[in-house]
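So for the sequence shown, full-length UniProt numbering puts the first residue at 1; every next one is plus one.
Cβ atoms here follow ideal geometry from the backbone N, Cα and C, with glycine treated the same way.
Quick caveat: nothing in here was measured; it's all calculated off a predicted structure.
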Amino acid sequence: MTHQGPWGRASPVVGTILKKRINLLLALALLLLAPLGQAQDASFIVADIRVEGLQRISAGSVFAAMPLAVGDLVNAEAIRAASRSLFATGNFDDIRIGRDGNVLVVIVAERPSISEINIEGNKAIETEALLDGLRGAGLAIGQVFQRSTLEGMQLELQRQYVQQGRYDANIETEVLPEPRNRVAINIDVDEGTVAAIKHINVVGNEVFSDEELTDLLELQTTGWFSFFTNDDKYSREKLTGDLEKLNSYYLDRGYLQFTINSTQ
1 MTHQGPWGRA SPVVGTILKK RINLLLALAL LLLAPLGQAQ DASFIVADIR VEGLQRISAG
61 SVFAAMPLAV GDLVNAEAIR AASRSLFATG NFDDIRIGRD GNVLVVIVAE RPSISEINIE
121 GNKAIETEAL LDGLRGAGLA IGQVFQRSTL EGMQLELQRQ YVQQGRYDAN IETEVLPEPR
181 NRVAINIDVD EGTVAAIKHI NVVGNEVFSD EELTDLLELQ TTGWFSFFTN DDKYSREKLT
241 GDLEKLNSYY LDRGYLQFTI NSTQ
């Protein structure tokens with residue numbers, strides 16, 4: 001075995017030692033990186049559960065909704081199931097679950113609660129009726145705010161006005177953040193005007209005249225007294241009632257095959 005001085009060519013012994021050191025360092029580097037990838041799939045026994053980020057919701061509510069407890073064997077699938085269960089409560093915007101040793105750590109971001117609801121511009125539908133509808137949909141003071149529920153309510157309220165013949169009605173909503181993770185909801189209603197009926201045309205009738213049939217209807221075209229009776233104001237409910245009257249009129253006179261093909 002040969003060995004040259006420190007400035008000469010390295011001996012085979014030195015080369016072997018360097019290779020071993022390099023291999024050892026590489027192995028240590030891979031070991032240090034493992035928790036970033038493989039640790040997510042590693043199972044462990046839960047020694048404790050720590051919940052962070054709660055403001056209004058109690059830790060007990062989180063424990064009750066989560067299908068994990070101290071002493072359980074936890075793996076990646078169990079953590080995903082716990083996350084789904086917590087999201088299903090509707091109380092959280094974000095949920096992260098990890099571990100600190102054998103402690104399961106649950107970090108949540110709560111959805112805000114509703115502090116107040118203000119409605120302006122409504123006359124055809126009373127405020128109390130609107131608040132009752134909102135309450136039934138889950139939008140009430142003290143409830144957890146969900147934007148999807150507010151958007152659904154906005155569409156439903158628009159539909160209610162359309163049924164009254166208010167096709168140009170417009171509903172605007174505003175959500176204002178407030179201290180202590182709360183929000184105020186402002187609803188601005190522009191009810192528009194009720195569509196007036198200019199013409200009523202009956203097509204396809206042969207036995208009974210237009211005048212005879214239109215006299216049966218509650219809906220009428222604008223006349224001298226329409227200002228007082230409002231019988232020229234369109235509404236879906238009135239139209240439905242009038243169609244039933246026409247149907248009964250024909251059936252009572254023996255026209256059993258009578259049908260109304262379309263209305264527009």
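Determine the contact status of residue 114 and residue 143, defining contact as a CB-CB distance below 9 Å. yes
Residue 125 to residue 153 span [Cα, whole Å]: Cα to Cα, the separation comes out at about 14 Å.
Report yes if the CB atom of residue 106 is closer than 9 Å to the CB atom of residue 97, and no otherwise. yes
DSSP three-state call for residue 259: helix, strand or coil? coil
How would you call residue 64, buried or exposed, if buried means at least 16 neighbouring beta carbons within 10 angstroms? exposed
So, residue 137 versus residue 149, is the Cβ gap smaller than 9 Å? Residue 149 is positioned such that its CB atom lies closer than 9 Å to that of residue 137.
Take residue 4 and list the residues in its own chain whose beta-carbon comes closer than 6 Å to its own, dropping the five residues that flank it on each side. Note that residue 4 has pLDDT 44, beneath the 50 cutoff, so the model's placement of it is unreliable and the number below is only indicative. Excluding positions up to five away in sequence, the list is empty.
Compare the beta carbon distance of residue 185 and residue 172 with 9 Å and say whether it is the shorter of the two. no
Secondary structure of residue 107, DSSP reduced to three states: Three-state result, residue 107: strand.
Tell whether a beta-carbon distance below 9 Å holds between residue 216 and residue 256. No, the Cβ-Cβ distance between residue 216 and residue 256 is not below 9 Å.
Every unbroken alpha helix (DSSP H) within the segment 105-175, with a cutoff of 4 residues, ordered by chain: 127-137 and 147-163
Are the beta-carbon atoms belonging to residue 68 and residue 43 less than 9 Å from one another? no
Do residue 183 and residue 189 have their CB atoms nearer than 9 Å? no
Nearer than 8 Å: is that true of the beta carbon of residue 83 relative to any heavy atom of the ligand PLP? This structure simply doesn't include the ligand PLP, nor any ligand for that matter.
Residue 110 beta carbon less than 9 Å from that of residue 146: Residue 110 is positioned such that its CB atom lies no closer than 9 Å to that of residue 146.
Along the alpha helix (DSSP H) that carries residue 208, what are the first and last residues, could you check? Taken as a continuous stretch (DSSP letters only), residue 208 belongs to no alpha helix (DSSP H), as it is neither H nor E.
Where does the unbroken beta strand (DSSP E) through residue 180 begin, and where does it stop? No beta strand (DSSP E) holds residue 180; DSSP gives it neither H nor E.
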